[in-house]
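Enquirer: The structure's right below; bear with me while I get my questions together.
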Amino acid sequence: MLEERKVLKMGFMKGYGSQRNAAMHLGCSEALISKVVSRERDLAPDLMPKASKTHLIIGISVAEDATGYSCLSYIEGDRHPQTMIRRVEKEDAEADAALRKLPLMLLDKHTGADLTQEEREHATLTGWELCDRIRADLNLVAELDDRYQLGLVSYLTERKRPLAAAR
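Dropping the structure here:
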């Protein structure tokens, strides 16, 4: 039997209160939600955006499930905001350190064939560090929104965001 989608289940609980309420709000059966959580079925593509707009943790789970990208995954463990902020600071410092060398390395290099093995390895490492930073940032945003009800899902799903003029 496949492992259940724990993060999606948690998102349904946080966003809707129960799987029954999730089914009611999404316009599907409770049995379907149960099958989605237990990995017997996938969430229908037309339900993904609606569910994701309810809670960031649902969005993280849906995005990771759809893409398989680990940078879109939920970080388990201590999710206190102070811990999450420290994780972001750590990942940011590592990504920044890797990025600092990259511009000069890539100067006048247009394709992968132009890179030495060392340059290729550093560019790859930089990409990994950036992915780790994205994951930490995304999880901090989700935790802040969940804990303090900041309405960040609305901000993330706005189609057009006017620049500084609106602020």
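Residues in the sequence shown are numbered from 36 upward in steps of one, following our numbering. Positions of the beta carbon are idealized from the N, C-alpha and C atoms, including for glycine.
1. Go ahead and pull the three-state DSSP assignment for residue 109.
2. With DSSP as the reference, label residue 37 as helix, strand or coil.
3. Can you find at least 3 beta carbon pairs, one from the segment 158-176 and one from the segment 114-126, that sit closer than 8 Å?
4. Just list the beta strand (DSSP E) runs in the segment 108-170, keeping only unbroken ones of 3 residues or longer that don't cross its boundaries, in chain order.
5. Mind the definition here: the segment 133-152 touches the segment 84-99 only if three or more C-beta pairs lie below 8 Å; say whether that holds.
6. By the three-class DSSP mapping on this structure, what secondary structure does residue 90 have?
7. Name the residue from 110, 59, 80 whose alpha carbon lies nearest to the alpha carbon of residue 41.
8. Can you give me the C-alpha to C-alpha distance between residue 186 and residue 90, rounded to a whole angstrom?
9. Should residue 104 go down as buried or exposed, given a rule of 16 or more other Cβ atoms within 10 Å for buried?
Expert: Here's the rundown:
1. coil
2. Confidence is the limiting factor: at residue 37 the pLDDT is only 47, short of 50, which leaves the residue's position unreliable, though a coordinate-based value still follows. DSSP places residue 37 in coil when its eight states are reduced to three.
3. yes
4. none
5. no
6. coil
7. 110
8. 10 Å
9. exposed
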